[in-house]
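Just so you know, the protein sequences line up as chains A and B, in that order. Residues in the first sequence are numbered from 1 upward in steps of one, following the working numbering. Residues in the second sequence are numbered from 1001 upward in steps of one, following the working numbering. To start, the structure under review is shown below, and the notes come after it.
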Amino acid sequence: MTEANDPLDAILRNHLDRAAVTVDAGTMLRHIRDSEKTMPRRDWLKWAGIGAGTAVAASVGGFVFFGNSPVPLAAAEQIVNEAKTAHTVPTDRCYEVATEWEPLLFRRLQLPAISRKHKLWTRGDQFWIETNGDGAKWAMGQETSGKIWFAISRKRGLVYEPSEVGEPLARFCDLVSMRVVSTLSELLEQFTLYRKDTGQPGETIRIEADLRPSFRNRNPRFGHVKLELDPVTKIVQRAEFQRQLNGEPAGTLTFTLLETTSQPDEMYTLLGHLDADHELFDPKDPTRQDRRTKFRDEFLKRVQIRIK
Amino acid sequence: MNGDRSHELDAWILATAPRATAYARSLLRNPHEAEDIVQDCYCRLLAKADVYDLPHDGMRLLLRAITNACINLKTRRKPFFRLVRTDADGSEQTDDPLDKTAPPPDERAMFDELSVAVESALRTLPTQQRAAVQLKALGHSQQEIAEIIGITTTNVGVLIYRARQALAARLDPYLGGEAIR
């Protein structure tokens, strides 16, 4: 038996080959080239040693010199953790959401690629959306219980229990909303994070995130993410998500912070968007089940993102 | 660095990264740590790209750096105590039942039976044996393996012999009764 035909070697080689095909060499190359732009860790140690030596020498000499020694940037993970803590505080924030869907995907699904803008209000992980699309103003939101509601106008509202929501509608909510705390946790858990700013005082913190190869086969929601954070409060000022569906790029969603203003609690519920004389279509009224289902399906057609 | 040289190095990274990462993962079991180590090793080699001819000799240097880094990491992180159980055949298993780096059940199901068997058989080997037997499978000579791991060729022979004996015992059903040297 030749070396090349050795069955155990063949099994091991095949095992390594199978593991190798799951590696995204392109992303690794990008990470390596990005790392080269920043100071390597060993140089940090060298600088730290030099800095410590300088400080000791300066103290002995009767003066202290901290002049131009480099200040290490806080790690991207640490910043995102701080942002997560900052967003846990129940403050109302309004983001403008711009969506640019992937034309190829939508063409294949026989849906026109559209670009839309709407407003998203968040408080921790609660949200509601307000839009003026198609000339009609409507709002929708999801309560912490999982219920989804629509205020088609000030006079008419619909409520769907979590069991009635269905996958397309759940996917729509997932696509257009941003649960900031959950999303930041997801980034910390599944992504490699990089700082893209220089760390100058007052400079907006810019962080980019790439999905780790080991999470690539798990139908991830995002491929690449860009964050811009306030350098002091660590609040997300702008977030750009490359959304993925079934492993394919679906589009780019950009969230831009518009304002931070206190909102009444009821704005996160349907009643906050209806007048007193409203008509309500909810699961408690069995005679209107068909209309609710029809509305849900027509709504999905209208927003043109029924992806299934 | 001129453009052509930079492109040449990029091509070298793209060509070698999959296998280098797979090798590091097999030594560490934690894919994130493995990727970090591989990335770090590439950066260190690229810093000396003017000294080494990486597109030609780089793979061996890279494997050497990865092997050293993985062994160092495992040595540094050796737990205060180990959970050891002994199988019916007398071999010691050091799998920590609380090991959070172990693949979850759904991930395990993605691999076929042979892959699972190979993976679990490799996990029973000490890191140096694992490195030696895999480098041999990748076609490296004993002399090259000795340079990569940083031991003598005699020791490489011993490591490979022991590793193959252990693997053969565990993978016997998949080897079709072929003799293992």
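Don't be surprised by glycine CBs; every beta carbon is placed ideally from N, CA and C.
Contacts around residue i, its chain only, beta-carbon distance under 6 Å, and the 5 residues preceding and following it disregarded
{"i": "residue 1008 (chain B)", "result": "1055"}
{"i": "residue 1145 (chain B)", "result": "1132, 1135 and 1156"}
{"i": "residue 1032 (chain B)", "result": "none"}
{"i": "residue 226 (chain A)", "result": "208 and 240"}
{"i": "residue 272 (chain A)", "result": "266"}
{"i": "residue 1063 (chain B)", "result": "1148"}
{"i": "residue 1150 (chain B)", "result": "none"}
{"i": "residue 178 (chain A)", "result": "255"}
{"i": "residue 5 (chain A)", "result": "none"}
{"i": "residue 162 (chain A)", "result": "146"}
Distance CB(residue i)-CB(residue j) smaller than 9 Å
{"i": "residue 124 (chain A)", "j": "residue 89 (chain A)", "result": "yes"}
{"i": "residue 253 (chain A)", "j": "residue 97 (chain A)", "result": "yes"}
{"i": "residue 1140 (chain B)", "j": "residue 1060 (chain B)", "result": "yes"}
{"i": "residue 222 (chain A)", "j": "residue 120 (chain A)", "result": "no"}
{"i": "residue 1027 (chain B)", "j": "residue 11 (chain A)", "result": "no"}
{"i": "residue 29 (chain A)", "j": "residue 1023 (chain B)", "result": "no"}
{"i": "residue 245 (chain A)", "j": "residue 236 (chain A)", "result": "no"}
{"i": "residue 231 (chain A)", "j": "residue 202 (chain A)", "result": "yes"}
{"i": "residue 1049 (chain B)", "j": "residue 25 (chain A)", "result": "no"}
{"i": "residue 250 (chain A)", "j": "residue 101 (chain A)", "result": "yes"}
{"i": "residue 154 (chain A)", "j": "residue 76 (chain A)", "result": "no"}
{"i": "residue 212 (chain A)", "j": "residue 192 (chain A)", "result": "yes"}
{"i": "residue 144 (chain A)", "j": "residue 262 (chain A)", "result": "no"}
{"i": "residue 1137 (chain B)", "j": "residue 8 (chain A)", "result": "yes"}
{"i": "residue 82 (chain A)", "j": "residue 296 (chain A)", "result": "no"}
{"i": "residue 85 (chain A)", "j": "residue 234 (chain A)", "result": "yes"}
{"i": "residue 260 (chain A)", "j": "residue 18 (chain A)", "result": "no"}
{"i": "residue 354 (chain A)", "j": "residue 268 (chain A)", "result": "The displayed coordinates of chain A run from 1 to 308. Any statement about residue 354 (chain A) would go beyond what the structure contains."}
{"i": "residue 1122 (chain B)", "j": "residue 1167 (chain B)", "result": "yes"}
Chain-order list of residues whose beta-carbon lies under 7 Å from that of residue i (same chain, five-residue window excluded)
{"i": "residue 1142 (chain B)", "result": "1153, 1156 and 1157"}
{"i": "residue 270 (chain A)", "result": "149, 151, 157 and 159"}
{"i": "residue 1174 (chain B)", "result": "1114 and 1117"}
{"i": "residue 20 (chain A)", "result": "none"}
{"i": "residue 45 (chain A)", "result": "Unreliable placement is indicated for residue 45 (chain A), whose pLDDT of 41 sits below 50; the coordinate value is still reported in the next sentence. Result list for residue 45 (chain A): empty, nothing under 7 Å."}
Residue i, enclosing beta strand (DSSP E) - first and last residue
{"i": "residue 254 (chain A)", "result": "248-260"}
{"i": "residue 1044 (chain B)", "result": "Segment 1031-1046 is the alpha helix (DSSP H) holding residue 1044 (chain B); no beta strand (DSSP E) there."}
{"i": "residue 309 (chain A)", "result": "Chain A is shown only over 1 to 308; residue 309 (chain A) falls outside these bounds and no answer can be derived."}
{"i": "residue 193 (chain A)", "result": "191-195"}
Residues bridged to residue i [DSSP beta-bridge criterion]
{"i": "residue 159 (chain A)", "result": "A:149"}
{"i": "residue 141 (chain A)", "result": "A:128 and A:149"}
{"i": "residue 244 (chain A)", "result": "A:249"}
{"i": "residue 95 (chain A)", "result": "A:120 and A:257"}
{"i": "residue 234 (chain A)", "result": "Bridge partners of residue 234 (chain A): none, in fact."}
{"i": "residue 1136 (chain B)", "result": "Paired residue(s): none; residue 1136 (chain B) is not in a bridge."}
{"i": "residue 281 (chain A)", "result": "A:158"}
First and last residue of the uninterrupted alpha helix (DSSP H) at residue i
{"i": "residue 154 (chain A)", "result": "Neither: residue 154 (chain A) is in no alpha helix (DSSP H) and is coded neither H nor E."}
{"i": "residue 12 (chain A)", "result": "7-20"}
{"i": "residue 1166 (chain B)", "result": "1153-1171"}
Beta-carbon proximity list for residue i, same chain, < 8 Å, skipping 5 on both sides
{"i": "residue 1065 (chain B)", "result": "1041, 1044 and 1045"}
{"i": "residue 1127 (chain B)", "result": "1027, 1070, 1071 and 1074"}
{"i": "residue 1163 (chain B)", "result": "1125, 1129, 1130, 1132 and 1133"}
Cβ pair count under 8 Å reaching 3, the segment 268-283 of chain A against the segment 1008-1019 of chain B: no
Inter-stretch contact at 8 Å, needing at least 3 Cβ pairs: the segment 1067-1074 of chain B / the segment 1027-1043 of chain B: yes
Chain-ordered residues of the segment 200-222 of chain A with a beta carbon less than 8 Å from chain D: Included in the structure are the protein chains A and B, with no chain D among them.
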